[in-house]
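Numbering-wise (my numbering), the sequence shown opens with residue 8 and increments by one. Working notes for the structure below.
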Amino acid sequence: MGLLVKICGINSVEAADAAVRAGADLAGLVLHPRSPRNLQPEQAAALATRLRGRLKVVVLVPPDPADEALVAALTAVKPDFVQLHGSETPERVAAVRARFGVAVVKVFAVWDAPDLDRAAQFEDCADMLMFDAKPPAGADREGGHGRVFDWQLLRGRKFHRPWLLAGGLDPQNVARAIRSSEAPGVDVSSGVEDFPGHKNADLIAQFIAHARGAEFVGEAG
Numbered sequence: 008m009g010l011l012v013k014i015c016g017i018n019s020v021e022a023a024d025a026a027v028r029a030g031a032d033l034a035g036l037v038l039h040p041r042s043p044r045n046l047q048p049e050q051a052a053a054l055a056t057r058l059r060g061r062l063k064v065v066v067l068v069p070p071d072p073a074d075e076a077l078v079a080a081l082t083a084v085k086p087d088f089v090q091l092h093g094s095e096t097p098e099r100v101a102a103v104r105a106r107f108g109v110a111v112v113k114v115f116a117v118w119d120a121p122d123l124d125r126a127a128q129f130e131d132c133a134d135m136l137m138f139d140a141k142p143p144a145g146a147d148r149e150g151g152h153g154r155v156f157d158w159q160l161l162r163g164r165k166f167h168r169p170w171l172l173a174g175g176l177d178p179q180n181v182a183r184a185i186r187s188s189e190a191p192g193v194d195v196s197s198g199v200e201d202f203p204g205h206k207n208a209d210l211i212a213q214f215i216a217h218a219r220g221a222e223f224v225g226e227a228g
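Set out below in structure tokens:
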């Protein structure tokens with residue numbers, strides 16, 4: 008499997024088309040009221056329809072959402088994955104996966120090495136893992152802050168599920184991040200925006216090109 012690239016926080020037709028043109032693998036649609044990239048279910052459904060068959064669609068929901076919120080989101084969008092950022096237990100992740108018949112991306116907030124240890128508990132119930140930087144103190148949402156953690160904490164780590172590196176990535180640092188962490192996939196949101204919630208098509212293209220370039224260098228080396 009080649010490097011996976013996810014463009015998250017897509018909230019317009021222009022951003023969706025830019026991600027497709029640039030060769031992204033996954034598109035993230037945010038249903039989280041506190042995010043500047045938040046979509047209403049009908050907006051997310053329209054974008055998912057435009058993307059379907061070209062990119063895998065991932066729906067991001069608030070931490071520990073009520074089942075009613077999940078039902079509404081999944082009924083409207085019919086995503087390939089649901090991304091969970093909260094303090095979910097492995098039992099909760101398994102229950103979401105079983106009840107709704109949807110694959111799960113489980114996100115872990117990372118600052119130091121012990122934060123990575125929790126992932127082992129989820130490898131039997133999640134379909135994909137993501138390692139993102141811990142949000143700043145007092146933050147009102149879990150991701151999209153442009154923070155970076157020490158990528159080398161992941162170097163040499165082995166996981167039984169595909170995983171993505173997130174947190175503060177942009178076109179200038181993504182290649183270095185991939186080489187430092189040996190990540191098999193990357194996720195970006197704020198790093199390809201002009202301002203929060205507004206994606207830049209050129210930055211999306213640059214990000215993916217630089218990520219793919221790092222993948223090629225790694226294989227050649």
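Every residue, glycine too, gets a C-beta built ideally from N, C-alpha and C. These numbers were taken from a predicted model, which means no experiment stands behind them.
Check	Outcome
Just to confirm before moving on: does the CB-CB distance between Ala25 and Ile211 stay below 8 angstroms?	yes
Looking at the structure shown, is Leu54 part of a helix, part of a strand, or coil, going by DSSP?	helix
Spell out the partners DSSP gives Leu210 in its beta bridges.	None; Leu210 has no bridge partner.
Since I believe Ala184 is in contact with Trp158 (beta carbons under 8 angstroms), could you give me their beta-carbon distance rounded to a whole number of angstroms?	5 angstroms
Answer yes or no: do Glu91 and Lys113 have a C-beta to C-beta separation smaller than 8 angstroms?	In the sequence under discussion, the amino acid at residue 91 is Leu, which differs from the Glu named in the question. For Leu91 and Lys113, yes; Cβs fall inside 8 angstroms.
Is Pro40 buried or exposed, if buried means 16 or more other CB atoms sit within 10 Å of its CB?	exposed
Using the beta-carbon count (16 or more within 10 Å), is Glu49 buried or exposed?	exposed
Can you find the residues in the same chain that come closer than 7 angstroms, C-beta to C-beta, to Ala83, ignoring five residues on each side of it along the sequence?	Pro48, Glu49, Ala51, Ala52
Please classify Gly220: is it buried, with 16 or more other beta-carbons within 10 angstroms of its beta-carbon, or exposed?	exposed
Alpha carbon to alpha carbon, what distance is there between Gly163 and Leu38?	34 angstroms
Would you please state the rounded distance, in angstroms, between the beta carbons of Ala173 and Met137? I believe it to be under 8 angstroms.	6 angstroms
Mark Gly228 as exposed unless 16 or more other C-beta atoms lie within 10 angstroms of its C-beta, in which case mark it buried.	Per-residue confidence for Gly228 stands at a pLDDT of 49, beneath the threshold of 50, marking its modelled position as unreliable; the derived number appears in the next sentence. With fewer than 16 Cβ atoms within 10 Å of its Cβ, Gly228 is classed as exposed.
Is it buried or exposed, His167, if we count other Cβ atoms within 10 angstroms and call 16 or more buried?	exposed
Just confirm the distance between the C-beta atoms of Ala34 and Val65, as a whole number of angstroms; I'd bet it's less than 8 angstroms.	7 angstroms
Specify the secondary structure class of His92 as computed by DSSP and reduced to three states.	coil
Taking the straight line between their C-alpha atoms, what separation do you get for Lys85 and Pro169?	22 angstroms
Going by DSSP, what residues sit across from Leu230 in a beta bridge?	Only positions 8 to 228 of the chain appear in this structure, which leaves residue 230 out of reach.
In angstroms with no decimal places, state the Cα-to-Cα distance between Ala73 and Leu123.	26 angstroms
How many Å lie between Arg57 and Arg186 at the Cα?	33 angstroms
Pick out whichever of Pro121, Pro142, Asp194 has its Cα sitting closest to the Cα of Leu36.	Asp194
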